[in-house]
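Peer 1: Sharing a structure, written as structure tokens. Questions coming.
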Amino acid sequence: MDWTDEVRARLKRNNQVLFAKDSEYLQELARLLQEQNHRVVTLWALAFAEETVAKLGEKYPEEARPQEALAAARGWAAGIIKMRQAQRKILDCHAFAKEISRKEDIAMCHAVGQACAVVHTAGHAMGYPMYDLTAIVLAQGIEQAAEAVERRKQEYIGRLLYWRENESQYQGGWADFMLR
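Here the sequence shown stands for residues 166 to 345, where the numbers follow this note's numbering.
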């Protein structure tokens with residue numbers, strides 16, 4: 166079964182998320198994520214969240230919650246703010262998803278929330294591609310999305326490998342818990 170069969174089945178069941186954490190299609194990425202340290206995965210996740218926040222900002226210019234969640238996650242990772250403050254902003258981003266109706270935008274909000282939660286634990290990392298790829302399929306349709314989904318998966322892997330090799334180039338600071 167290829168990923169399109171799995172996604173079609175999930176679409177038929179009206180699943181909110183079209184890609185599963187244990188999907189065969191995402192296993193290479195999952196394995197690579199598990200091999201990285203928490204800082205590398207955080208840099209990877211927040212970079213992708215930044216792209217998604219920008220897209221949401223174009224569609225919802227008056228809505229600040231996705232941007233606030235990203236800023237809070239960065240502050241948390243740097244030790245500038247505490248977990249509870251960041252957690253509240255991340256939950257607010259997820260709440261925004263419940264206030265909008267476009268399914269691909271809902272998925273993008275959840276992708277941002279999952280990416281920001283990577284600061285808490287790298288275990289949230291697979292949440293970003295699960296929701297991000299869902300947004301792509303919902304926006305383009307299953308038949309038209311194949312090339313974009315394949316390209317995006319390669320972007321995930323490429324950027325993860327980039328941060329693995331270039332973590333030391335990061336100019337920001339880290340909270341003590343990120344250094345363990």
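All C-beta atoms in this analysis are idealised placements derived from N, C-alpha and C, irrespective of residue type, glycine included.
Keep in mind that this is a model prediction, so the values were computed, not measured.
#1: Whose C-beta lies closer than 6 Å to the C-beta of Ala-287 among residues of the same chain, with five residues either side of it excluded?
#2: Can you tell which of Gln-181, Met-295, Met-291 has its C-alpha closest to the C-alpha of Arg-196?
#3: Expressed to the nearest angstrom, what Euclidean distance is found between the alpha-carbon atoms of Glu-330 and Cys-258?
#4: Under 8 Å, with one C-beta from each stretch per pair, do the stretch 241-255 and the stretch 313-328 reach the 3-pair mark?
#5: Quick one, are the C-beta atoms of Ile-301 and Val-314 less than 8 Å apart?
#6: What did DSSP end up calling Gln-309 once you bin it into helix, strand or coil?
#7: Can you list the alpha helix (DSSP H) stretches of 4 or more residues lying completely in the stretch 284-329, in chain order?
#8: In or out: Met-188 buried (at least 16 other Cβ within 10 Å) or exposed?
#9: State yes or no: is the C-beta of Ala-234 within less than 8 Å of the C-beta of Lys-254?
#10: For a quick check, are the C-beta atoms of Ile-271 and Val-172 less than 8 Å apart?
#11: Alpha carbon to alpha carbon, what distance is there between Gln-199 and Gln-192?
#12: If the criterion is Cβ atoms closer than 8 Å, does the pair Leu-303 and Arg-317 meet it?
#13: Once DSSP output is grouped into helix, strand and coil, what is the label at Tyr-190?
#14: Should Leu-211 be labelled buried (16 or more other beta-carbon atoms within 10 Å of its own) or exposed?
#15: Span of the alpha helix (DSSP H) holding Val-206?
#16: Which residue wins for smallest C-alpha separation from Thr-217, given the options Ser-333, Glu-332, Gly-240, Tyr-296?
Peer 2: Once the coordinates are examined:
#1: Spatial neighbours of Ala-287 in its own chain (CB-CB distance under 6 Å, excluding positions within 5 residues in sequence) are listed in chain order as His-203, Val-206.
#2: Of Gln-181, Met-295, Met-291, the residue nearest in Cα terms is Met-291.
#3: Each residue's CA atom was taken as its position, placing Glu-330 and Cys-258 some 31 Å apart.
#4: Verdict: no, contact absent.
#5: Judged by beta-carbon spacing, Val-314 lies within the 8 Å limit of Ile-301, meaning their Cβ atoms are closer than that value.
#6: In the structure shown, Gln-309 falls within a coil segment according to DSSP collapsed to helix, strand and coil.
#7: Runs of the alpha helix (DSSP H) lying entirely within the stretch 284-329, each at least 4 residues long, are 292-305 in chain order.
#8: Looking at the sequence shown, residue 188 is not Met but Ser. With 16 or more Cβ atoms within 10 Å of its Cβ, Ser-188 is classed as buried.
#9: Cβ distance < 8 Å, so Ala-234 and Lys-254 count as in contact.
#10: No, the pair does not count as a contact, with Cβ atoms beyond the cut-off.
#11: When only Cα atoms are considered, Gln-192 and Gln-199 end up about 10 Å apart.
#12: Not in contact: Leu-303 and Arg-317 (Cβ atoms no closer than 8 Å).
#13: Helix.
#14: Buried.
#15: Looking at the DSSP string, the run of the alpha helix (DSSP H) that includes Val-206 is 203-224.
#16: For Thr-217, the closest alpha carbon among the candidates Ser-333, Glu-332, Gly-240, Tyr-296 is that of Tyr-296.
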